[in-house]
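Asker: Plus 12 on top of the position in the sequence shown (first one is 1) and you've got our numbering.
Backbone N, C-alpha and C define an ideal beta-carbon position, used for all residues, glycine too.
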Amino acid sequence: MASKETRRAILNYIEKNSKADLGDLAIMLGTDELTIANEIQDMEKEQIICGYHTLIDWDKAGSDMITALIEVRVTPQRDQGFDKIAERIYNFPEVTSVYLISGGYDLLITLEGWTLKDVSQFVSEKLAPIDAIMSTATYFILKKYKDHGTIMVPQKKTERMLVTP
Numbered sequence: 013m014a015s016k017e018t019r020r021a022i023l024n025y026i027e028k029n030s031k032a033d034l035g036d037l038a039i040m041l042g043t044d045e046l047t048i049a050n051e052i053q054d055m056e057k058e059q060i061i062c063g064y065h066t067l068i069d070w071d072k073a074g075s076d077m078i079t080a081l082i083e084v085r086v087t088p089q090r091d092q093g094f095d096k097i098a099e100r101i102y103n104f105p106e107v108t109s110v111y112l113i114s115g116g117y118d119l120l121i122t123l124e125g126w127t128l129k130d131v132s133q134f135v136s137e138k139l140a141p142i143d144a145i146m147s148t149a150t151y152f153i154l155k156k157y158k159d160h161g162t163i164m165v166p167q168k169k170t171e172r173m174l175v176t177p
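1) Is the CB-CB distance between Lys156 and Met164 below 8 Å?
2) Assuming Asp118 contacts Phe134 (C-beta within less than 8 Å), just tell me the rounded distance between them.
3) Our contact map puts Arg100 next to Ile142 with C-beta atoms below 8 Å; I'd like the distance itself, whole angstroms only.
4) Is it buried or exposed for Leu128, if we count other Cβ within 10 angstroms and need 16 for buried?
5) Does the separation of the CB atoms of Val86 and Ala140 fall below 8 Å?
6) Throw me the rounded Cβ distance for the Ala80 and Val131 pair, which I believe falls under 8 Å.
7) For the structure I just gave you, are there three or more beta carbon pairs, one from the segment 46–65 and one from the segment 26–35, closer than 8 Å?
8) Determine the contact status of Thr148 and Val84, defining contact as a CB-CB distance below 8 Å.
9) If we ignore side chains and look at the alpha-carbon of each, how far apart do Lys169 and Lys31 end up?
10) Which complete beta strand (DSSP E) runs does the segment 46–101 hold, if anything under 3 residues is left out?
11) Which same chain residues end up closer than 7 Å to Asp69 when comparing Cβ atoms and leaving out the 5 residues on each side of it in sequence?
12) Name the one or two DSSP bridge partners that Ala149 has.
13) I need the DSSP call for Gly116, collapsed to helix, strand or coil.
14) Which class does Tyr157 belong to by DSSP, given the choice of helix, strand or coil?
15) Give every residue of the same chain whose Cβ lies closer than 7 Å to the Cβ of Lys158, excluding the five residues on either side of it in the sequence, and list them in chain order.
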């Protein structure tokens, strides 16, 4: 097994670019491709690496996909806390993430749908009927400026010339 520093370096790099070239990564870390490949495979088996995802700008793809954030206040279940309720929620296919949070609400749900109606139907027909749910608050993402560390808006280029003394 590689050192914690090597693992952290691999994770930091592939988190930003899951299509990383193992040869380039090996050169950066001063090791060989086989060591990197084995370490990644080990971290996948240990579920340190939980999956690989592609970040898509749905607006540029010509789709009307919407994202909603839903805050949920729940009554925790005896001997199970929030886990059983969270499990029930994260098993819905339209739910992309569920977080236990601090503050006025207990869970934060990220949901993707094609229309506002899709999201409102999910909340009213699937989420609200769950006995342990006391209240919800829904927010719609209007524009993404940065998502998962990636800037989603074009960067403005400075048209001024650099003047030095």
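Answerer: This is what the structure gives:
1) By one-based count along the sequence shown, residue 156 stands at place 144. By one-based count along the sequence shown, residue 164 stands at place 152. It is a contact, given that the beta carbons lie within the stated cut-off.
2) Along the sequence shown, one-based indexing puts residue 118 at 106. Along the sequence shown, one-based indexing puts residue 134 at 122. No, Asp118 and Phe134 are not in contact; Cβ-Cβ is about 18 Å, not under 8 Å.
3) Here residue 100 refers to the residue found at position 88 of the sequence shown. Here residue 142 refers to the residue found at position 130 of the sequence shown. Contact flag correct, Cβ pair sits at about 6 Å.
4) Here residue 128 is taken as the residue at index 116 of the sequence shown, counted from 1. Leu128 is exposed by the Cβ-count criterion.
5) Residue 86 sits at position 74 when you count from the first residue of the sequence shown. Residue 140 sits at position 128 when you count from the first residue of the sequence shown. No; because the gap between Cβ atoms is not below 8 Å, this pair is not in contact.
6) Along the sequence shown, read from residue 1 onward, the residue named residue 80 stands at position 68. Along the sequence shown, read from residue 1 onward, the residue named residue 131 stands at position 119. That pair is a contact at about 5 Å.
7) yes
8) Translated into the one-based positions of the sequence shown, residue 148 becomes position 136. Translated into the one-based positions of the sequence shown, residue 84 becomes position 72. Yes, these two residues count as a Cβ contact at 8 Å.
9) Reading the sequence shown from its first residue, position 157 is the one you call residue 169. Reading the sequence shown from its first residue, position 19 is the one you call residue 31. Their backbone Cα atoms lie some 28 Å apart in a straight line.
10) 78–86
11) Numbered from 1 along the sequence shown, position 57 holds the residue referred to as residue 69. Around Asp69: Met164.
12) Stepping through the sequence shown from its first residue, residue 149 is reached at position 137. Bridge partners of Ala149: Glu83.
13) Mapped onto the sequence shown, residue 116 falls at position 104. DSSP places Gly116 in coil when its eight states are reduced to three.
14) The sequence position of residue 157 within the sequence shown is 145, counting from 1. Note: Tyr157 maps to coil in three-state DSSP.
15) Against the sequence shown, residue 158 aligns to sequence position 146. Excluding positions up to five away in sequence, the list reads Met164.
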